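K.L.:
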Amino acid sequence: MIERLRALPGFEALDDEVLARIVARAPLRTVAPGQVVLAAGGVAETLFACIEGGLAGPDGSALPPVYDAPGLLFGLAAPRDGLAGPAGATLLAVAKPHVFTIAREFPEFVVSLMHRNGMPR
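Going by this note's numbering, the first residue of the sequence shown is number 1271, and it counts up by one from there.
What follows is the structure in C-alpha cells.
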C-alpha cells in the first residue's frame, strides 16, 4: 500500500514512516464504477487517494488520482461530479483534519499536491 501511495501527488514527498501512519489512520473505500465520490457543488471533507482503478468526470475524462485537493484545501465547491471510473476505484480516504495536520508538519506535501494537480480552480 505504501508503494502505491508513494506514486501519488503529495504523498511522494513523505517518508515511509509518515506514509505508514497515514495508512493506519485512513480507511479504504471501494467505489463501484460510475458511483459518485464527490457531487458537483459539494465541498470535500475527505481527500481521496486513488490507489486502484481511477476517477472520472461525468464526461469520462480522467480526474487527478488525489481528489479533490484544491477544493479541500481552499473550501471550494466541486465544479462537476467526481465518479469512480469504468473499473471502479479503491480510495484511501484521508479526513480533512488529518490532511491539515500533514500539511502543517510537511509543507512539501501541499506544494507537491498543487504542483502535480494544477493550481486551484
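Note that CB positions come from ideal geometry on N, CA and C, so glycine has one too.
Note that the coordinates shown come from a computational prediction; the quantities given were computed from them, not determined experimentally.
Are the CB atoms of Ile-1292 and His-1385 within a distance shorter than 9 Å?
P.N.:
No, Cβ-Cβ distance for His-1385 and Ile-1292 is not below 9 Å.
K.L.:
Which of the three DSSP states is assigned to Glu-1322 in this structure?
P.N.:
The answer is strand: DSSP assigns Glu-1322 an E or B state.
K.L.:
With a threshold of 16 other CB atoms inside 10 Å of the CB of Met-1389, please say whether the residue is buried or exposed.
P.N.:
Because the pLDDT at Met-1389 is just 48, under 50, the model does not fix this residue reliably, and the point stays unresolved.
K.L.:
Go to Val-1307, then tell me how far its beta strand (DSSP E) extends in each direction, as first and last residue.
P.N.:
From DSSP, the beta strand (DSSP E) with Val-1307 extends over 1306-1308.
K.L.:
Using the beta-carbon count (16 or more within 10 Å), is Ala-1332 buried or exposed?
P.N.:
Exposed is the call here.
K.L.:
Which stretch, first to last residue, makes up the alpha helix (DSSP H) that contains Val-1293?
P.N.:
Residues 1286-1295.
K.L.:
Alpha carbon to alpha carbon, how far is Ala-1309 from Gly-1326? Give it in angstroms, no decimals.
P.N.:
Looking at the sequence provided, one finds Ala at residue 1326 rather than Gly. Whole-angstrom Cα-Cα distance: 12 Å.
K.L.:
Write down the C-beta distance between Pro-1335 and Leu-1278 rounded to the nearest angstrom, noting that I regard them as a contact closer than 8 Å.
P.N.:
Correct: roughly 5 Å between the Cβ atoms.
K.L.:
Among Glu-1375, Met-1271 and Phe-1370, which residue has its Cα nearest to the Cα of Gly-1345?
P.N.:
Per the Cα distances, Phe-1370.
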